[in-house]
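Beneath this line is the structure, given in structure tokens, with notes to follow.
Numbering (the working numbering), first residue to last: 1458 to 2027.
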């Protein structure tokens, strides 16, 4: 039997019906009125408010069979409103237990345990205590990012908090990468994507692509892959190419083909297309000296180490054959091992043309969006001449969109993925950067060099081991430039000392400095962009990234090795 607490607004009318002589009842009623809340709780758990006696009467009438009101003259101390119900109804009144909304316990324990175990492992000779502690926190954060006890941004923030709490990093050091342009360029890319889709320009371009290539998913994928490769030598920021141009286009294509995030249709097209565009973006970045911001650093370090120059033509000539093979093989490989569920759609081009007809001419906002995109891309292409960097160009473009109202600041604030990506990527850049500053990376490079040099192998085998160690150590880096700056010179020096043709070694390490970015969702500027679209789960992103890395190494060292032999590099 569940009780109803009457609103106090009804009590005055009850009190007025009591005889003046029944003072005890009057006092009890007044006391009851003062102690009651302003709401009534019905037996089924529904709360309601009665503002006046008439409203109470009408609601009471609706549950009249279940009401049992005691005598107005009698025992008011026992005055209740009761709802006849079974014991199961009474149980329903009890508040439901709230599900746990905090961290997933097992992944959290795994992450913390990783850090604690490494923290108490004896520090190797030649490594500072601070560097070892930061490595423990960094690896714990990586485990947390993989297992995801909390969203990625929250995990990264916990990692930064731990580094500050333990005095491993100062606050300014821990949060220093929030001033790095790359995380902001990635966040700005998401804001561009919002305008691209909101205005309908993304759909218009997507339908154009579908009308031309959309009879098969594979054809659609290849059209995007080679479009990106054609733009690569002109736009020296893979983050800008991926985020500012191809992410909005790919998202629009996925939506146009009925593949959306969160409704179970991701595998129709989106998962394969996102992963394919990402993996091929690292290939196109490796094909041209100007296709990735850190490539000139490789060329500079090559000259400083072996006094030989890698020119734009030299780079492109050496990369063109293995690069084209990879651009053809990788999409097909992913199509086989991670296929879209919709492979063929012969009616798609016709339907796309019908959609274009319905859309009519471009709207004002579409024209503004297209003009802004052309302005931004133009600044990316000619930024070196005009002394305008990629992130400045992106901010200028976003400013135009904000001023014209094509995108609002409220919509930018609502792009949760952009802010989450900014947080975790900046955190990883900061921790990885300080691992290098604390000397851990140089210690690792020297240890590897001594180990490989002491094996007494031929230069080919020694160089193969160096290549694998250089490539897969990228799991510890959130930036290609950081990896190149920390390890390129040491590995090239050792390879040359062990008999590897110096120029050949420099070219190979330069190419791998791009290809290794496909391993993780943080290893190169395009990774957080495409991963942040949320079409591909993290485990699959890493798993297929590892598989593609093996295929790329085989192509570039196998077919590439034969090509380099033919053109006289070794």
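Every residue, glycine too, gets a C-beta built ideally from N, C-alpha and C.
Assign residue i to one of three DSSP states: helix, strand, or coil.
i: residue 1742; result: helix
i: residue 1673; result: strand
i: residue 1694; result: coil
i: residue 1582; result: coil
i: residue 1801; result: strand
i: residue 2100; result: Absent from the structure is residue 2100, since the part of the chain shown begins at 1458 and ends at 2027.
i: residue 1823; result: helix
i: residue 1783; result: helix
i: residue 1953; result: helix
i: residue 1428; result: Nothing can be reported for residue 1428, as the shown portion of the chain is limited to 1458 through 2027.
i: residue 1459; result: The pLDDT assigned to residue 1459 is 42, lower than 50, so where the model puts this residue is not dependable, and the model offers no usable value.
i: residue 1620; result: helix
i: residue 2027; result: coil
i: residue 1934; result: coil
i: residue 1913; result: coil
i: residue 1538; result: Any answer about residue 1538 is weak, because its pLDDT of 41 lies below 50 and its placement is not dependable; what the coordinates show is given next. Strand, per DSSP.
Closest to residue i by CA distance: which of the options is it?
i: residue 1684; options: 1848, 2006, 1672 and 1698; result: 1698
i: residue 1672; options: 2018, 1801 and 1967; result: 1801
i: residue 1649; options: 1665, 1617, 1944 and 1709; result: 1709
i: residue 1815; options: 1740, 1843 and 1661; result: 1661
i: residue 1866; options: 1985, 1599, 1652 and 1632; result: 1652
i: residue 1797; options: 1567, 2018 and 1992; result: 1992
i: residue 1738; options: 1768, 1755, 1584 and 1679; result: 1679
i: residue 1692; options: 1743, 1715 and 1664; result: 1743
i: residue 1583; options: 1630, 1903 and 1982; result: 1903
i: residue 1821; options: 1907, 1862 and 1581; result: 1862
i: residue 1901; options: 1961, 1554, 1577 and 1585; result: 1585
i: residue 1954; options: 1914, 1749, 1931 and 1934; result: 1914
i: residue 1973; options: 1924, 1959, 2027 and 2015; result: 1924
i: residue 1947; options: 1931, 1912, 1933 and 1927; result: 1927
Would residue i and residue j qualify as a contact pair, given that the criterion is a beta-carbon distance under 8 Å?
i: residue 1878; j: residue 1597; result: no
i: residue 1909; j: residue 1951; result: yes
i: residue 1987; j: residue 1731; result: yes
i: residue 1647; j: residue 1838; result: no
i: residue 1620; j: residue 1642; result: no
i: residue 1870; j: residue 1829; result: no
i: residue 1779; j: residue 2012; result: yes
i: residue 1633; j: residue 1939; result: no
i: residue 1963; j: residue 1763; result: yes
i: residue 1883; j: residue 1595; result: no
i: residue 1943; j: residue 1893; result: yes
i: residue 1600; j: residue 1625; result: no
i: residue 2021; j: residue 1956; result: no
i: residue 1799; j: residue 1711; result: no
i: residue 1655; j: residue 1864; result: yes
Would you kindly work out how many angstroms separate the C-alpha atoms of residue i and residue j, rounded to a whole number?
i: residue 1637; j: residue 1695; result: 16 Å
i: residue 1793; j: residue 1727; result: 15 Å
i: residue 1759; j: residue 1891; result: 24 Å
i: residue 1881; j: residue 1929; result: 21 Å
i: residue 1616; j: residue 1994; result: 22 Å
i: residue 1818; j: residue 1810; result: 13 Å
i: residue 1734; j: residue 1579; result: 43 Å
i: residue 1746; j: residue 1690; result: 7 Å
i: residue 1657; j: residue 1701; result: 16 Å
i: residue 1755; j: residue 1806; result: 44 Å
i: residue 1989; j: residue 1602; result: 13 Å
i: residue 1966; j: residue 1559; result: 44 Å
i: residue 1566; j: residue 1896; result: 29 Å
i: residue 1847; j: residue 1688; result: 15 Å
i: residue 1569; j: residue 1670; result: 49 Å
i: residue 1790; j: residue 1608; result: 30 Å
i: residue 1898; j: residue 1665; result: 48 Å
i: residue 1803; j: residue 1659; result: 22 Å
i: residue 1640; j: residue 1774; result: 32 Å
i: residue 1941; j: residue 1812; result: 47 Å
i: residue 1961; j: residue 1996; result: 35 Å
Return yes when at least one heavy atom of the ligand PLP lies under 7 Å from the C-beta of residue i, else no.
i: residue 1955; result: Looking at this structure, you won't find the ligand PLP or any other ligand, since it has none at all.
**Request:** Inspect the CB distances between the segment 1973-1981 and the segment 1998-2013 and report whether three or more fall short of 8 Å.
**Result:** yes
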